[in-house]
Structures are given as structure tokens and as C-alpha cells.
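Residue numbers (the numbering used here), protein chains in the order written: chain A, 1 to 413; chain B, 1001 to 1397; chain C, 2001 to 2294.
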Amino acid sequence: MKANPKDVLTGIYYIDGDVASGYGALAAGCKFVAGYPITPSTEAFEAVCRRGPQVGAVFIQMEDELGSISAIVGAAWSGVKTMTITSGPGYSLMQECIGFGAMLETPFVLLNIQRGGPSTGVPTKTGQADIMQSRWGSHGDYELIALAPDSPQEMFDYTIKAFNLAEKYRCPVMIMSDECVGHMTEKVVIPEADGIEVEPRRLYTGPAEDYLPFKPEPDLVPKMAKAGDGLRLYITGLVHDERGYPVEDSAYKSKYVRRLVDKIRLNRNNIIELREEGTDDADVIVVSYGISSRVAVKGVEIAREKGIKVGTLRLVTVWPFPDDRMSELAKKARAFVVPEINYGQVVYDVARCAHGDANVVLVPHGGAGVHNPNDIADAIEMAVREEKKIEGLVEFKTRLQKSVFEGGFKLKE
Amino acid sequence: MKADKNGVLSGSHVLSGNQACAEGALAAGCRFLGLYPIVPSIEISERFLERAPQVGATFIQMEDEVSALAAVLGASWTGKKSMTVTSGPGLSLMMEHLGLGVMLETPCVIADIQGVGPGLGLPTHPAQGDMMQARWGSHGDYEIVALAPSSPQEMFDYTIKAFNFSERYRIPVAIMSDAHVARLKETVLIPPADQINVEPRRYYEGAKDSYLPFKRDKDFVPRMVDIGQGYRFHVTGLTHDDRGYPIMFEECQEYNVHPLVWKIRQAADKIVEVQETDTDEADVVVVSYGATSRAALKAIKQARDSGIKVGSLKLVTVWPFPEKRVAELAKRARAFVVPEMNCGQVVLEVERNTYGEANVFFVPHGDNGVEHTEDILSAIKQASQTNVAKSGIIELA
Amino acid sequence: MEALRTDSKQEIHPMENLLRMDRMPHIWCPTCGIGIAVTAFTAALEKAKIDPNTVSIVSGIGCTGRVAGYVKLDSFHTTHGRPIAFATGIKVASPKTKVVVFSGDGDLIAIGGNHFIHAARRNIDMLVVCVNNFIYAMTGGQVAPTTPLAAYATTSPYGCVEPPFNIPYLADSSGAVYVARWTTLHVRRLTNSLTEALQKKGFAVVEAISPCGMYYSRINRLGDGLDMMRFYHDNVEIRHGEDTKNLDIGFQTKIICGKFVDRERPSYMERYNQWLSDVKTAGRRSGGQRGSRK
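Below, the structure written as C-alpha cells:
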């Protein structure tokens, strides 16, 4: 299906990533946004507030993040595409309802502009330390999809993609951006509506009396209905059967919860999107996502100038994780170098999938800034020189760490 | 330091896991409970409340789980050992304050009695679906300790351990139990107070005007003071320096947050605890924790009887994960079998630490009750016959 | 001149004992009223003759959320919306501590609204100072639960459509024992109210209306902070004891200030200790004792 021309603000803009994501949501047909102000994501919400009424989208600023996510799950069941926007602390507050949304198989999009954590941390500066939280933050077993755009243009494009994936697999989709991309201003081209593919809701069209809200299709995703269509839905966050009725039967637990997980795991090859460059004959592969992949470009360039064969693998979808591809590459390359703005998160999954076939080097950064590309280059060099197989993660000691902990550094106001 | 006699109900009792947890908390010196009722954790609060007047402990039922943990953090700064109890949905709501606890380096204990998730799930049925959440559920980088008891006796023992870790490393510690162990009634031996070791709070003892709330000792753990002593200190969830004053640039972020993970990662060898039986010559090692290890131990016995060389690695601390030990065993054993009551969580850590040296079999929880052994047994049999494949996790139907 | 300068170096700020001078200058914008509220609070602390070593101050997130960091008491800068919950823990675990929550309208009334009404219902012994500037200022001017109807904010670009909370009415109906409202123009009266509230046993709420010269007045074209102060001067009506129902604030309408509620109710710890002694003397299920507790 093509986007509705009314929703698409076609043109060439010079805007930041937050705003681009807001415009992307509107272009994807999002008609309800609930949010709560939190730095550094507020601009996205403000963009929707300004432009939303012009395209018939409703917004509401709720009393907190718990309210915001509850509101969008509710709105999704009234038949519209919905989104909420937040950052670290708000994301933590939303965890309960993310699991609830997954349980109800509710399509919605959550934009998380990550900042330095934990706790209040550094609200105005960047971080990538919520990435594991996006996979594991709610209680119980579930799977969802997380995307990591690295430019304002991608913020626009991948917000649309996020809506499409949410509708296709009826699951929450996370856009795990960060402050750098969110506040980075670049050219954004918004195409004509007929150049934008949007996924319609998988609505049930049969007779009302035959409708089973949780009866899966062959791809394990059930058809959805909306409130007010006379189907008299019963939707609960308790473990339920195909009718949606709660069941106190452990057989349903393994059957039902399992399907929630399997509908993503078994469809993962259709979901996963990677950008690879020079991986086939690389000695070292740099695995990165979001803003770190842009910084890594420079690091790779420096390393290549020294004659090292470096490949790059960018995770556009971080979750589901490309287990198979990673294992395949581990057999070919000598090592993976993973720069991320945290003290080790996605690198654990890289190490897991390497199965001891390649060394894994983490280039950490605590946040409130991005990597020094020279650190990435040095880590690549270190990795390529290492002949031995090393067990465990190798944590590269960055220039920042050395200067703070070894250089007689004094903190000043 | 020895336990305060007041809180220790020495003797042999028949207690449910939940009741044992409350007794463990009181024995460890916990004197504040912030709670919000949620099945299946309520009996912990009920027991604690019943005993509180005799012991001199305080409690409050807050308006939600968000505030329950907030109150616990506040209470901890008054010098009282503090705790909250909850289950899955409540734990999700506590995630923001878990991060605050980490950032303020506030000792506290969270008992999570896991039911089936996600969402409301099946509140009364046991599961182990929050294990990864305990490690990764709050935003930003942090490391905490999580313990997984498998019996009422362990609920008692590990609760004391949890308080000791929280005081020693100034972190929130999670007791990751489940609805099965919580309701199980067994004999619990509570030793006399002078046989229970409790970790005292690491107080600052220098001059008042030179107190820096986040100046770290060599082990990266700073010293604490109580409120109301005239220190007039400041603490904040923002990135801060030794004084506790917010400074928001990347050097300070590195200075503040890297030690938060170091203090646990570098002490991992001291913290990690596992119980092993017959692992040294085992072909197959069953890695289990919590209620699942009850079934696992039975299955192991049956497998041994049928001649398979199988050992057991029971995790006492799930986080930090016993990385080194699993890597060592991977070199000797042919395979690991990991039964869990979830769709695959701790098994990912096992896979990561085998470095392709052993197969990893995952046994998800079937429909036949927690202590059902058949699935685990057949996994052990299959594992003992399969050559190393290096193909990731092999999941059994 | 030179001599004067040397003298002024030795001069000590009268509030120095209660402020963290090593953190000055503070982050608040010129013409913001939060500093005035802090000054009134520190003056009240001295007037009420409370030993500063026994006071803990807790703030949430936002501009006013930074207050805890500038006041030289045991001070906690916590999460958004939860300072009252955090402070409840302190108070219940350590009843001798004097607890003050100092935060903004968004923090206390929106995200923290539930904790606000429950702490009032319980009558936890604490002073809540709510600086109300009608907007979320720290994040750049979003609509707040106190933004008057029709006022602009970045997330109400076409004017606010939601009716705001009347904070004194909310506090009163939830059970607070002391409720007052002043603007930061009324420094002396604000100080007096804070002094009274500090000495009050139970849940006391003082609302301090403050200009936000950077966002609220700018986006609504109300001039700068000084113009806002002038507006308070011309449009505030002092009505002590006014029914809190009548205290709604519209966009640039009259603001009624004063002390509205001052009553006695057993505080949470009083009830708790009563319960404790009942249980200790008569056992848990003593019906007669239960009846005696009002």
C-alpha cells in the first residue's frame, strides 16, 4: 500500500533526527502520538504536535511515561497507528507496558533517543546503553524488533519501516536512536507519497461470530480487529487462548508465550537488515550500529591506510540479532571489533555467536560523547596482530579511560 | 559482624519459601520493607509485617511498585537495611529506580518472585522469565548481583547473602525466586544469631568536613554515611564527581560510570558462587538455577543410574555469571544441558562462554510441572551422544 | 575602591551556612523565581530554629529539581516524579528526620501526582514546596499540568486545551494539613508560610508561583521575568482561608494567594506508633483496641 499524500510532507528539509522521525511517523500514517517531555527526545514530540493537526493526527501529552505507553496501546486497539517517544529513564518506566503490548500483540512504535545513563545520567548527551534493555527490559519472555538509524534521513526512513514491521508482525518496534543522531541536523529528502510503501493493518474481514483474536495465520501472526466494530473483543494481558480468554492452564503458557517468541524468531530472516562492506575477505570486522557506525567509518579508514583488511558490518536491526551471519563471518575473520557507547552490551551477542572462532574486542565508551576514531583504529590494529585465540571479551583501553584514570586527571566544574 | 539476635528466629521451622525469605531478611538485619502487594510475593510481606513489631522493623505499603522501591532507597540512606518484594510486572515498574539505586550506590535488596510473563501472564504459575531483565532491565550501564534460591532453606540463606552483597558492594541485589519455590513448604533451619555473618555497612569514619560521598576505596566502593549526622552531603542520579555534584561531560561519565561496572566485574571471582557435583569427569554438565535445579538434580541422578557421566553446575549467583568456570568445563565436557522456565535466557550466557568447545542444549519448560524430569533426562541422553557441532543452541521440543 | 573590594571578599553571604557555595553560580536563568523560593526556604529554616543537621531535602527532576543540589543539607536529587516516595521512605525509616520535598509542578503534580495525593492521604510528616511556573522549563517549554487554558507551550502549539490542576484544592481534598500559595514576589509572606509549614506536624504544601522568563513568558509573549513580577503585583489578591475550590488560575487572570488550610490530623507516624503500641500490648487481633483508633 502507498502512503496517503495528505500525511506526507514531501520536500527537501534541513532538520534534525528527532524532527525527521516525527515526520516519518506521520508519513507512515501514524494518527496518535502520546508522549511526555524528556531530553533529548522532546523535539520529535514537538514536531508531531506542530504538524500532527495538519494531517489529522492526534497528540496528547500524558502525565508520565507510564501513561504515554498505556495510551498508545489503547489507541492501537482503536485501529490507528501509534507511537510514543522517550529517552532512558522514561524507557525504564515504560518497560511494564512494553511487555503488555507484546502480550496483546499490539503494533506500536517506540522512539528511544538514548542518552548517558544509568539513572538521570547525562540527559543532554549521547549514549547507547539501553540497547540490551530494549531486548530484555520487560519481565517474561517476548521478542521484539529494534532498529538503529544513524542519520536524520534514516530516522525518517526507518521510522516508516518501524511502523511497517509493527503492523506486519503485530509487535512493538523500537527505534533505538541516540542523542547524536536525534540532534544532528542534515538534509532529509521526503519523497512523494507514492514512493513510500506503508503496511496496512492486518484486519480481520470475516463474519463477526467466527472471529478469534489470537488465532495465528501461517506466519504465526493473528489478524487484528479494532474496538467499535461490533466484534465485542476481550483482550487481556493474562495468558489467553485464541478467543482471548484468560486460561489457568500451563499448556497454554508454553503454547501461547512460545508463539510470541517464535513469530519473530522464525521470521527473522525477513526482518534482519544488515549493511556489510568488505566482510568477505576481511581479517577484522567492525560491528557497529547507530551513531557508532558513523564514527567507525573514520576508524576503519585509518586502519585501511595502514594496510589492514577491515570489513564493516552495520546492524540496522539490532534485534533480532543476526546469529547465523555472525557465526558465518567468525569462521572467516580473525576478529570482531565492536565499538559501542556503553561498557559492553551487543558485544556479548557478538561473542556468543563467534563460538570461539574469532576474537572479540570491545571498544567501550561510557557516553556523553562518541568514540575517538583513533581508538577504533588502534583496536583494529591490536586485533589483527593478535595471533592467539583469546577467551573472553578483550576490552580495549581507550584514550579517554587512560586520561581519566591514569593521567593524573582532575575533574573540574 | 554477627546478626542481631532480635531478628533471628533460631530453630527448625516448616516454612514456605516466601516466609523463609522474610525470616532471612529479618535475620540479616533488614529493618525496613517498602511494598506493594503482588501475587505471588505477598506472603513475604505478610510474614515480615507480622514479625515487624517484635523485631522493631518498619514497613509501609506504598501506592505502587515505583514508589515502593523509591521509599526503600530513601530508607536505606537513614542507615536501615531495606528491602522490597515484588513479581514480574512490579519488577518492570521498578526498573527506573534500580538504576537510581545503582547510581546512588544505595544498598538494598529486591526479591522478585517470578510468575509467567510477559504482561500479566499467569501470576500464580512459576517461571524464570525475568533473569535477563535483572541484568539489563534498567537503562544505562550497570552491574548488580542476582541470586537464585531453589528451596525454602536457600530462600533464607540467600536472602542473608543478598543483604551482605548489597552492603559490601553498595548495590541493589536481586533475589530471583519463582512461584514454585515461594510456595514450597519445607524444613528451614535457622541457626543461632552468633552463627550468622552479616556484613556491616561501610561507613565513613574520617573528619566531617572532608567527607566525599563518592570517593572510592581501592575496590571502587565508596564509603557511606547516614542522614542526620551533620555531613550535609549531596547525592544525585546525574553523572557526578566525588562530591556528588553533577558534572556532565564525557570525562566525568567515564570517571563515574566505569567504576560502577568495575566494582562488580573485578570482584566477580569473589562474588560468583556455584554448587558443583561430579563435573570434573562429566561428559554432560547440566547448568541450572532456582526451582529448575530441583528437577535437574533428579534427572541427573536418573541419568547416572543409566550410566551417563553427567555433572551438575547449579548457579547460586546467576549474575555475575560464572564465565570462567563454564569456559573451563566446556573444554572437558561434551555438552551442556540448560533447563530453564523461559524461552532461552541464561542459556545464551552458557553458549557465549563455551567458545565452541561444547554443544549447548536448551530445555524449555514443558507443560508438566516444575519438578518434571523427563525432558531434562532425554536432553542429557541426546547430549551425551552428539558430537561437537558448534552450531549454536540446540533447542529440544 | 580597592579597599572596598577586599572587604567584600571577606563578607559572608547570610545564607552561606545553608547553601553550597562551592556550587555557585547556579543554573537558573536570569529573572527565574526558583532562587527566591530557595532564599525564602533557607530564611524559614533559620526562623523556625530547626537544626539543619536534622533536615533532609529531596528533589525530583526539572529546574526546581536542582534545588537539593544547592542547599547545604543532607540532599537527594532523585528520579522524575518520585521525590515524595523517596522522602516517605526516609521519614518512615527515620521519623526524627525533618523531611522537605522541593520540586516543580510537573514533577510533583503530573508524573508524581499519585505519590502527592497518597502522601497527603497518609498525612506523612513532610513539607512539600511546589514551585509552579506553569510549564516544563528544563526540557524547553512543554505543556504542564498547571498550564492555564489557552496558554501556549511547545507541545500545545495551538494553545492549551486541558484544564489545569488547582494545586491547593488537590492538596486540601487529599488531606494535607497545611496549604498555602504565594508568588515569589511575596518573599516575606512566603517565608512566613514556609516557617509555619516547617513547624507543622503532617503533610504541608506550599505552592510558590514563579515566573519563567525563558519559556513560559517568552512563548506567551508576556515580557520578561520583571514583567511577570509586575503582573503578580497588580493581579494577586490575598484571601486567607479562602475555600480552595475557588483557587483556579486562568491565563493571565487574577491569582488568589494566602494560607488556605491549617488544621490538625494525626500524622502517619502518630497513627503508626499508636498501632505499634496497641499490637505490643494487646496483640494483633485486638478488636477493642482497633475501635479506639480513629
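For each residue, glycine too, the CB sits at the ideal point set by N, CA and C.
Over what stretch of residues does the alpha helix (DSSP H) that includes Ala2043(C) continue unbroken? Note, Ala2043(C): alpha helix (DSSP H), Ile2034 to Lys2047.
Below 9 Å between beta carbons is the criterion; list the residues of the region 1063 to 1085 of chain B that meet it against any residue of chain C, in chain order. Near chain C, meaning a CB-to-CB distance below 9 Å, the residues of the region 1063 to 1085 of chain B are Glu1063, Asp1064, Val1066, Ser1067, Ala1068, Leu1069, Ala1070, Ala1071, Val1072, Leu1073, Gly1074, Ala1075, Ser1076, Trp1077, Thr1078, Gly1079, Lys1080 and Ser1082.
Separation of Ala2068(C) from Val2058(C), as counted between CA atoms: The straight-line gap from Cα to Cα measures roughly 6 Å.
Under 8 Å between C-beta atoms, does His1234(B) make it to chain F? Here chain F cannot be found, since the structure's protein chains are A, B and C.
Looking at Val2092(C) and Ile1376(B), is the spacing between their C-beta atoms short of 8 Å? In this structure, Val2092(C) does not lie closer than 8 Å to Ile1376(B) by Cβ.
Terminal residues of the beta strand (DSSP E) in which Ser2103(C) lies: Ser2103(C) -> beta strand (DSSP E) spans Lys2098 to Gly2104.
For my contact list, Tyr204(A) and Lys223(A) are in at a C-beta cut-off of 8 Å; report their separation, rounded to the angstrom. With a Cβ gap of about 4 Å, Tyr204(A) and Lys223(A) count as contacting.
Assign Val2161(C) to one of two classes, buried (16 or more other C-beta atoms within 10 Å of its C-beta) or exposed (fewer than that). By the neighbour-count rule (16 or more Cβ atoms within 10 Å), Val2161(C) is not buried but exposed.
Rounded C-alpha distance that separates Ala1068(B) from Thr1084(B): One alpha carbon belongs to Ala1068(B), the other to Thr1084(B), and they sit about 7 Å apart.
Supposed contact pair Glu179(A) and Thr126(A) - C-beta distance, whole angstroms, cut 8 Å: Yes, Thr126(A) and Glu179(A) are in contact; Cβ-Cβ is about 4 Å, under 8 Å.
Could you compute how far the alpha carbon of Pro2148(C) sits from the alpha carbon of Phe59(A)? One C-alpha to the other measures close to 18 Å.
Of all the CB atoms in chain A, is at least one closer than 8 Å to the CB of Ile1247(B)? Yes, because at least one Cβ of chain A sits closer than 8 Å to the Cβ of Ile1247(B).
One question on the structure: do Gly1129(B) and Gln1153(B) come within less than 8 Å of each other, judged by their Cβ atoms? Taking 8 Å as the Cβ cut-off, Gly1129(B) and Gln1153(B) do not qualify as a contacting pair.
Residues near Glu305(A) in its chain [Cβ-Cβ closer than 8 Å; skip 5 each side]: Cβ within range, chain order: n/a, list empty.
For Gln2142(C), go through chain A and note every residue whose CB falls closer than 7 Å to its CB, in chain order. Within chain A, the residues near Gln2142(C) are Pro37, Thr42 and Gln61.
Residues near Ser2156(C) in its chain [Cβ-Cβ closer than 6 Å; skip 5 each side]: If the five residues before and after Ser2156(C) are omitted, its C-beta is found closer than 6 Å to the C-beta atoms of Val2143, all from its own chain and listed in chain order.
Backbone secondary structure at Ser1087(B) - three-state DSSP: Reduced to three states, the DSSP call for Ser1087(B) is coil.
From which residue to which residue does the alpha helix (DSSP H) around Gly67(A) run? Annotation for Gly67(A): the continuous alpha helix (DSSP H) segment containing it runs Glu65 to Trp77.
Who are the Cβ neighbours of Gly2287(C) in its own chain at under 8 Å, not counting the five residues just before and after it? Below a pLDDT of 50, predicted positions are generally treated as unreliable, and Gly2287(C), at 44, falls in that range; the measurement from the model is reported next regardless. There are no such residues.
Kindly indicate if chain C contains any beta-carbon less than 8 Å away from that of Ile1227(B). Any Cβ of chain C closer than 8 Å to the Cβ of Ile1227(B) would place that residue at the interface, and such an atom is present.
Name the chain A residues whose beta carbon is nearer than 9 Å to that of Gly2113(C)? Within 9 Å Cβ-Cβ: Glu63 and Asp64.
Between Pro118(A) and chain C, is the shortest Cβ-Cβ distance under 8 Å, so that the two count as touching? So, not an interface residue.
Applying the 10 Å Cβ sphere with the 16-neighbour rule, what's the burial state of Glu197(A)? Exposed.
With DSSP run on the structure shown, which of helix, strand or coil describes Tyr14(A)? Assigned with DSSP and collapsed to three states, Tyr14(A) falls in strand.
Check whether the region 165 to 182 of chain A and the region 119 to 135 of chain A touch, using three or more Cβ-Cβ pairs below 8 Å as the test. Contact between the region 165 to 182 of chain A and the region 119 to 135 of chain A is established, with three or more Cβ pairs separated by less than 8 Å.
Ignoring anything shorter than 4 residues, give me the alpha helix (DSSP H) runs that lie fully in the region 292 to 373 of chain A, in order along the chain. As far as the region 292 to 373 of chain A is concerned, its whole alpha helix (DSSP H) runs of at least 4 residues are 323 to 332 and 346 to 354.
Would you call the CB atoms of Tyr1245(B) and Val1225(B) closer than 8 Å? Cβ atoms of Tyr1245(B) and Val1225(B): not closer than 8 Å.
Give me, in chain order, the residues of the same chain whose beta-carbon lies closer than 6 Å to that of Thr1106(B); leave out the 5 immediate sequence neighbours on both sides. So the list reads Leu1073 and Ser1076, once near-sequence residues are dropped.
Step through the CB atoms of chain B and report whether any lies within less than 8 Å of the CB of Asp357(A). It does: the Cβ of Asp357(A) has a partner Cβ on chain B nearer than 8 Å.
Quick one: does Thr2079(C) have its CB under 8 Å from some CB of chain A? Residue-level contact by beta carbon holds for Thr2079(C) and chain A, with a gap shorter than 8 Å.
Does Ala2110(C) come within less than 8 Å of chain A when only Cβ atoms are used? Yes, because at least one Cβ of chain A sits closer than 8 Å to the Cβ of Ala2110(C).
In chain B, which residues lie with their C-beta within 8 Å of the C-beta of Ser138(A)? What Ser138(A) touches in chain B: Ser1092, Gly1117, Pro1118, Gln1133 and Gly1137.
Taking CB distances under 8 Å as the criterion, tell me whether Thr1124(B) reaches chain C. Taking Cβ atoms only, chain C never reaches closer than 8 Å to Thr1124(B), which makes this a no.
Spatially closest choice to Thr2078(C) from Val2071(C), Tyr2070(C), Arg2066(C) and Lys2072(C), by CA coordinates: Of all alpha-carbon atoms in Val2071(C), Tyr2070(C), Arg2066(C) and Lys2072(C), the one lying nearest the alpha-carbon of Thr2078(C) is that of Arg2066(C).
Same chain only: Cβ atoms within 7 Å of Ala379(A), ignoring 5 sequence neighbours per side: So the qualifying residues of the chain are Val337, Val361, Val363 and Phe396.
Where are the beta strand (DSSP E) runs, 3 residues long or more, that stay fully inside the region 2189 to 2219 of chain C, in chain order? The qualifying runs are 2203 to 2209.
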